[in-house]
Amino acid sequence: MIELIGSLAGEITGEARLIVDIAMFFGLLVIVAMALNFQYGNAGVPNMGCAVQVIVGAFTVSAITMRLTFWIVESAGIKLLPYYSDFDWVYNNQINVHVLVNPYLKEHPMVAISLLLFSMAVALVLGAFIGWLMSLPAIRLKATYLMIVLITMADTSQIFGRNIPQISGGTLGVFVPNVFAWYPGDRGVITAVITLAIGLVAFFIFRTMLNSPYGRLMRAIRENEVTVASVGKNVVGIRRNILVFASGITALAGVLNAFYFSFVVEANYQRAWWTYWPWLMLILGGPGNNAGTFLGCALVVAMRRIIIYYKWFFDQYFFFPISYFEDILLGTLLIVVMIFRPSGLIPEKLLYIPGVPYGRLVREEVKVDWRKAPRARAAGEKPRWMFWKR
Amino acid sequence: MIPPLLMGAIIYACLITILSIGFTLTYLTAKIPNFAHGTYAGIGIYVSYTISKIMGLSPYIGMPLAFLLGGAISVAIFLLVIGVLQRMGGGAIVLTISTLAIQIFLTASLNIYAFWLREVYKTYSMMFMLKEFDFYIGGYPGVFPVTLALCVVTVIVLHYMLTRTKIGVAMRATAEDPELASVLGINIYRVQLFSWFLTGGMACLAGAFLPMWFQSNPTTGAAIITSIMAGSLLGGFENVYGAIIGGFGVGFSEILLTYWLQGTIGTWIGEYRPLIPMFFLIAILLLEPRGLQGVYERLLATKTGERLIRMFSRGRGV
Chain A
1 MIELIGSLAG EITGEARLIV DIAMFFGLLV IVAMALNFQY GNAGVPNMGC
51 AVQVIVGAFT VSAITMRLTF WIVESAGIKL LPYYSDFDWV YNNQINVHVL
101 VNPYLKEHPM VAISLLLFSM AVALVLGAFI GWLMSLPAIR LKATYLMIVL
151 ITMADTSQIF GRNIPQISGG TLGVFVPNVF AWYPGDRGVI TAVITLAIGL
201 VAFFIFRTML NSPYGRLMRA IRENEVTVAS VGKNVVGIRR NILVFASGIT
251 ALAGVLNAFY FSFVVEANYQ RAWWTYWPWL MLILGGPGNN AGTFLGCALV
301 VAMRRIIIYY KWFFDQYFFF PISYFEDILL GTLLIVVMIF RPSGLIPEKL
351 LYIPGVPYGR LVREEVKVDW RKAPRARAAG EKPRWMFWKR
Chain B
391 MIPPLLMGAI IYACLITILS IGFTLTYLTA KIPNFAHGTY AGIGIYVSYT
441 ISKIMGLSPY IGMPLAFLLG GAISVAIFLL VIGVLQRMGG GAIVLTISTL
491 AIQIFLTASL NIYAFWLREV YKTYSMMFML KEFDFYIGGY PGVFPVTLAL
541 CVVTVIVLHY MLTRTKIGVA MRATAEDPEL ASVLGINIYR VQLFSWFLTG
591 GMACLAGAFL PMWFQSNPTT GAAIITSIMA GSLLGGFENV YGAIIGGFGV
641 GFSEILLTYW LQGTIGTWIG EYRPLIPMFF LIAILLLEPR GLQGVYERLL
691 ATKTGERLIR MFSRGRGV
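So the sequence lines, in the order shown, correspond to chains A and B.
Residue 1 is where the first sequence starts when you use my numbering, and the numbers rise one by one after that.
Residue 391 is where the second sequence starts when you use my numbering, and the numbers rise one by one after that.
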């Protein structure tokens, strides 16, 4: 890793590229998965609209930061090709960005870094705003309604990106300025390092919040919201705040993703990738603790990137694109984990304060499964595998 | 002569109605929204494709096969995934996530099947319509009367089943209160199995008609889930009769509203057609989260509603 970071001016090839790729995607997805763990694992808010927040981050870069960059570069005296109409925005984009803007950013590192910080700040605000908008219809209702609304919103956000070229170039996509042009080495390495650093900061923010009284309040809402409401807490307001806060953090992943590829196109932000994979990571690792999220994220990302990296090898044996096989594999994995390890690879540790006799305070909950009861009475015990007679 | 646009709207509305009824039934008996419901329709699309394009028969021959195949897949999903997770005491969110995984699994399988068809039969199986395999009655394509009849028959049979037969009453009892129903001796597991078979079969059957009028690809099924959910929510989400009205309303307005908006605002608005069910969904949740059922119950609580009840129940001794 040290050699990788120190590999200034060197081309990164082969296995090292795979490591950088895995590190980058781990950093990106761990931000999304941690935010999801914050929402679902700890507060019980089933946010199925992660893709919307990620896409908002990416669109921030392509629609706002890019215009700001163009404005800065033009006021510095460099003549850009016209970019005002839909057509010019897409077709002059490549020359504008690669030929005219990137050399300028290479000479002015402070401008580039402030652009990165600016886009992250804007994405934070816009992501939080979108989270608030998404919470409006259904945050008061049952979790099912919230899931339905959020999952449909992911598709809708893509429709806007596809049909308004001024946002992200429609179906063709646009290149975005390379804010790491000043870095002499490989752009992938510096992006990965910065993403991992932001992921670390996000981890400490989430950990601090979860260990605070507010975090305990969140877990109390997850366990029983009626009880929390009965002691005078505003359950709906807290749930909305959690969604808004985590949405803002999730949008950061979109910004970093856009800068890693230097390219934004709506097709990159499908619901399946940015909503389903974080959920898979969360369930696989174990909802409710960050260690599980890290483990699940590392496993899934490593698996996906290795499959993609050796795509040429697998493609010899399959007649269809390997991504569908990957879908089947990971879909099956989620269900297998749900059935055989319902609490994930690393189960959540419940809060434990030394000196409190929990054994006496909390009796084991006796759960009567009423669905099983009449069957057991009527037919006695049957072997588990005879499911058709149940 | 009915204009083709209206015909298309009615066909689409009928199919969405059938799908919405199935979605609602699943929600009632299993208490989860089944995100894989639209993908059952995708399976139906490929049953039709296989029967007509590959085997050269009329796609109508494949309809019973589509029903049985959809039912079998749905039952397999229930036996292998949903039922197991329910017995383990998984919550509604966990079960819903598992249906999302199933949706991704099924969509990927359909894609692979389409690639397999391309590989073996050298046909274009990614984006197609099957209009040329349809028959014509007096200038009308056969799919129009058949879907209309199918929708009406489904509604009538479902009404008869839910009110007159033992299994239908058991289903309603399970939907109302599973614990109480099991105390009365209803085998909830068997009722759920039956309802999953019925909904899967119905969805697959509806999907088999889709390529006869609309362009279809492997992800069509996953895409129409928004319309299905909007229809179900408009009907109240917990009411089968509401889903009939809601599904028809959403499906009908999705096509006609797009056409009307294209005429008044501009053709570019056609790209935003998927926003219409989304708009319905959000409007319903903001205005009346219980949909038409909530409106109906609110109406019954007023003076006019009481008068209406008295008017309709005269002579029945209610």
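For each residue, glycine too, the CB sits at the ideal point set by N, CA and C.
A quick note: this is a predicted structure, and the numbers were derived from the prediction, not measured.
> At a CB-CB cut-off below 9 Å, which residues of chain B make contact with A/Pro342?
Replying inline: For the purposes of this step, residue 342 of chain A is taken as the residue at position 342 of the first sequence. Near A/Pro342 (Cβ distances below 9 Å), the residues of chain B are Leu475, Met478, Gly479, Gly480, Val484.
> So with Cβ pairs under 9 Å, would you call B/Glu661 a contact of chain A?
Replying inline: Translated into positions along the second sequence, residue 661 of chain B becomes position 271. Closer than 9 Å to some Cβ of chain A, the Cβ of B/Glu661 qualifies, so yes.
> Name the chain B residues that come within less than 8 Å of A/Tyr276, Cβ to Cβ?
Replying inline: Position 276 of the first sequence holds residue 276 of chain A. Simply Leu490, Ala491, Ile494.
> Measuring CA to CA, which of A/Leu141, A/Asn93, A/Thr208, A/Gly77 is closest to A/Val174?
Replying inline: For the purposes of this step, residue 174 of chain A is taken as residue 174 along the first sequence, with counting starting at 1. It is A/Asn93.
>> At a CB distance below 9 Å, what residues from the stretch 138-149 of chain A approach chain B? Give them in sequence order.
In response: Look at the stretch 138-149 of chain A: the residues with a C-beta under 9 Å from a C-beta of chain B are Ala138, Arg140, Leu141, Lys142, Ala143, Thr144, Tyr145, Met147, Ile148, Val149.
> Ordered along the chain, which non-local residues of its own chain (more than five positions away) have a Cβ less than 7 Å from that of A/Pro383?
Replying inline: As a first step, residue 383 of chain A must be located in the first sequence, where it is residue number 383. Only weak support is given to the placement of A/Pro383: the predicted model assigns it a pLDDT of 49, under 50, and the value that follows is read from those uncertain coordinates. Nothing meets the Cβ criterion.
>> If the cut-off is 8 Å on Cβ atoms, which residues from the stretch 559-572 of chain B count as contacting chain A, listed in chain order?
In response: Those residues of the stretch 559-572 of chain B that come within reach of chain A (Cβ to Cβ, closer than 8 Å) are Pro568, Glu569, Ser572.
> Tell me which same chain residues have a C-beta within less than 7 Å of the C-beta of A/Ser262, skipping the five on either side of it?
Replying inline: Here residue 262 of chain A refers to the residue found at position 262 of the first sequence. Counting only Cβ-Cβ distances below 7 Å, and skipping sequence neighbours, we find Phe175, Val176, Asn178.
>> In whole angstroms, give me the CA-to-CA distance for A/Ser230 and B/Lys421.
In response: By one-based count along the first sequence, residue 230 of chain A stands at place 230. By one-based count along the second sequence, residue 421 of chain B stands at place 31. A/Ser230 and B/Lys421 have their C-alpha atoms roughly 26 Å apart.
> Using DSSP with H/G/I as helix, E/B as strand and the rest coil, what is A/Tyr310?
Replying inline: Sequence index remark: in the first sequence, residue 310 of chain A carries index 310 (1-based). In this structure, A/Tyr310 counts as coil in the three-state DSSP scheme.
> Closest Cβ-Cβ distance between B/Asn629 and chain A: below 9 Å?
Replying inline: Position 239 of the second sequence holds residue 629 of chain B. With respect to chain A, the C-beta atom of B/Asn629 has no partner C-beta closer than 9 Å.
> For A/Phe204, which three-state DSSP category applies?
Replying inline: For the purposes of this step, residue 204 of chain A is taken as the residue at position 204 of the first sequence. A/Phe204 falls in the helix class under three-state DSSP.
> What is the DSSP secondary structure of B/Ile672, reduced to helix, strand or coil?
Replying inline: The count along the second sequence starts at 1 and reaches residue 672 of chain B at position 282. In the three-state DSSP reduction, B/Ile672 falls in the helix class (H, G or I).
> Taking A/Arg207 as the reference, which of A/Leu299, A/Ala63, A/Asn290 has the closest Cα?
Replying inline: Within the first sequence, the letter at position 207 stands for residue 207 of chain A. With distances taken between Cα atoms, A/Arg207 lies closest to A/Asn290.
>> Rounding to the nearest angstrom, what Cα-Cα distance links B/Ile492 and A/Asn224 in this structure?
In response: If you number the second sequence from 1, residue 492 of chain B lands on position 102. If you number the first sequence from 1, residue 224 of chain A lands on position 224. Here the alpha carbons of A/Asn224 and B/Ile492 stand approximately 29 Å from one another.
> Going by the CB atoms, is the gap between B/Val559 and B/Leu570 shorter than 9 Å?
Replying inline: The residue given as residue 570 of chain B occupies position 180 in the second sequence. The residue given as residue 559 of chain B occupies position 169 in the second sequence. No, they are not a contact pair.
> If you run the structure through DSSP and keep just helix, strand and coil, what is B/Ile483?
Replying inline: Position 93 of the second sequence, counted from the first residue, corresponds to residue 483 of chain B. Correct three-state label for B/Ile483: helix.
>> Taking a contact to mean a Cβ-Cβ separation below 9 Å, would you say B/Phe642 touches B/Ala403 in this structure?
In response: One-based indexing of the second sequence puts residue 642 of chain B at position 252. One-based indexing of the second sequence puts residue 403 of chain B at position 13. In contact: B/Phe642 and B/Ala403 (Cβ atoms closer than 9 Å).
> What residue from A/Thr227, A/Lys142, A/Gly331, A/Val99 has the CA that sits closest to B/Pro679's CA?
Replying inline: Within the second sequence, residue 679 of chain B is the residue found at index 289, counting from 1. It is A/Lys142 whose Cα lies nearest to the Cα of B/Pro679.
> Using CA coordinates, which residue listed in B/Phe505, B/Gln605, B/Gly684, B/Asn501 is at the minimum distance from B/Phe518?
Replying inline: Position 128 of the second sequence, counting from 1, holds the residue named residue 518 of chain B. Distances from the alpha-carbon of B/Phe518 to those of B/Phe505, B/Gln605, B/Gly684, B/Asn501 put B/Gln605 closest.
> Could you give the C-beta distance for B/Ser617 and B/Ile406, rounded to a whole number, given that I count them as a contact under 8 Å?
Replying inline: Residue mapping note: residue 617 of chain B aligns to position 227 of the second sequence, counting from 1. Residue mapping note: residue 406 of chain B aligns to position 16 of the second sequence, counting from 1. Rounded, the Cβ-Cβ distance is 5 Å, consistent with contact.
> When we look at the beta-carbon of A/Asp21 and count the other beta-carbons within 10 Å, is it buried (16 or more) or exposed?
Replying inline: Reading the first sequence from its first residue, position 21 is the one you call residue 21 of chain A. A/Asp21 comes out buried.
>> Taking the alpha-carbon of B/Leu469 as reference, which of B/Ile400, B/Gly611, B/Phe584 has the nearest alpha-carbon?
In response: As a working note, residue 469 of chain B is residue 79 in the second sequence. Per the Cα distances, B/Phe584.
> So which residues on chain B does A/Ala302 lean against when the C-beta distance must stay under 9 Å?
Replying inline: Translated into positions along the first sequence, residue 302 of chain A becomes position 302. Within 9 Å Cβ-Cβ: nothing; A/Ala302 doesn't reach chain B, min ~20 Å.
> Counting only beta-carbon atoms, is B/Leu698 nearer than 9 Å to chain A?
Replying inline: The residue you call residue 698 of chain B lines up with position 308 of the second sequence. Not an interface residue.
> Of the choices B/Thr486, B/Pro667, B/Tyr662, B/Leu690, whose alpha-carbon is the least far from that of B/Phe638?
Replying inline: Within the second sequence, residue 638 of chain B is the residue found at index 248, counting from 1. When C-alpha distances from B/Phe638 are compared across B/Thr486, B/Pro667, B/Tyr662, B/Leu690, the shortest belongs to B/Pro667.
> Using 8 Å as the threshold, is the stretch 35-44 of chain A in touch with the stretch 192-212 of chain A, meaning 3 or more CB pairs across them?
Replying inline: The stretch 35-44 of chain A is in contact with the stretch 192-212 of chain A.
>> Below 8 Å on C-beta distance, what does B/Thr616 contact in chain D?
In response: You won't find chain D in this structure, because its protein chains are A and B.
>> Using beta carbons (cut-off 9 Å, strictly below), is B/Leu671 in contact with chain A?
In response: The residue you call residue 671 of chain B lines up with position 281 of the second sequence. Chain A contact via Cβ: present.
> Within the 9 Å Cβ cut-off, does B/Leu647 reach chain A?
Replying inline: As a working note, residue 647 of chain B is residue 257 in the second sequence. With respect to chain A, the C-beta atom of B/Leu647 has no partner C-beta closer than 9 Å.
> Out of curiosity, what's the CA-to-CA distance linking B/Phe702 and B/Val545?
Replying inline: Stepping through the second sequence from its first residue, residue 702 of chain B is reached at position 312. Stepping through the second sequence from its first residue, residue 545 of chain B is reached at position 155. Their backbone Cα atoms lie some 21 Å apart in a straight line.
>> Mapping the DSSP letters down to three states, classify A/Ser343 as helix, strand or coil.
In response: Taking the first sequence and counting its residues from 1, the one referred to as residue 343 of chain A is at position 343. Three-state result, A/Ser343: coil.
>> Rounded to the nearest angstrom, what separates B/Val708 and B/Asp567 at their Cα positions?
In response: As a working note, residue 708 of chain B is residue 318 in the second sequence. As a working note, residue 567 of chain B is residue 177 in the second sequence. Note that B/Val708 scores 40 on pLDDT, short of 50, meaning its location in the model is unreliable; the coordinates nonetheless yield the value given after this. B/Val708 and B/Asp567: Cα-Cα distance of roughly 24 Å.
>> Suppose the cutoff is 8 Å on Cβ atoms and the five residues either side in sequence are ignored; what does the same chain contact list for A/Tyr83 look like?
In response: For this step, residue 83 of chain A is matched to residue 83 along the first sequence. Within the same chain, Phe70, Trp89, Asn92, Asn93, Asn96 come within 8 Å of A/Tyr83 by CB-CB distance, once the 5 residues on both sides are set aside.
> If contact means a Cβ-Cβ distance below 8 Å, which residues of the stretch 497-514 of chain B contact chain A?
Replying inline: Correct list: Thr497, Ala498, Ser499, Asn501, Ile502, Phe505, Trp506, Glu509.
> In whole angstroms, what separates the C-alpha of A/Ala9 from that of B/Thr513?
Replying inline: Against the first sequence, residue 9 of chain A aligns to sequence position 9. Against the second sequence, residue 513 of chain B aligns to sequence position 123. Confidence at A/Ala9 is low in this model, with a pLDDT of 46, below 50, so the placement of that residue is unreliable and no value is reported for it.
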